[in-house]
Structures are given as structure tokens and as C-alpha cells.
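>
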């Protein structure tokens, strides 16, 4: 993982850890939010 121009790292988190934690990503704002139930069908 490479650092940006300010020396900060942006962690990359996979789908499975997010799903197990009950978290999803809002595709418009790129923010995490808590999911109580996810229907994948």
C-alpha cells in the first residue's frame, strides 16, 4: 500500500470483513454505515 502526497495511508477493507461487522458502504458518499439486515438476493 502506497502513501499519498501527505504521507497518509488509506486502508483497503474487503467485502467479507465489512459484511461480518454489519457495515456497508454508501456508494454516493463513500461513507460507512451500519446495516441491520442485508438482502443479497
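Numbering (the numbering used here), first residue to last: 15 to 55. Beta carbons are placed, not taken as given, at the ideal position from N, Cα and C, and that holds for glycine.
Determine the extent of the beta strand (DSSP E) in which residue 48 is found, giving its start and end residues.
Here the beta strand (DSSP E) through residue 48 covers 46-48.
> Could you give the distance in angstroms between the alpha-carbon of residue 20 and the alpha-carbon of residue 44?
Answer to the nearest angstrom: the Cα atoms are 20 Å apart.
> Just to confirm the assignment, what range does the beta strand (DSSP E) spanning residue 35 have?
That residue, residue 35, is in no beta strand (DSSP E); its alpha helix (DSSP H) goes 29-35.
> With a CB to CB cut of under 8 Å and the five nearest residues on each side skipped, what residues in its chain are close to residue 32?
If we look at residue 32 and ignore the five residues flanking it on each side, its Cβ neighbours are 38, 39 and 46.
> Measure the alpha-carbon distance for residue 29 versus residue 22 and round it to whole angstroms.
Their backbone Cα atoms lie some 22 Å apart in a straight line.
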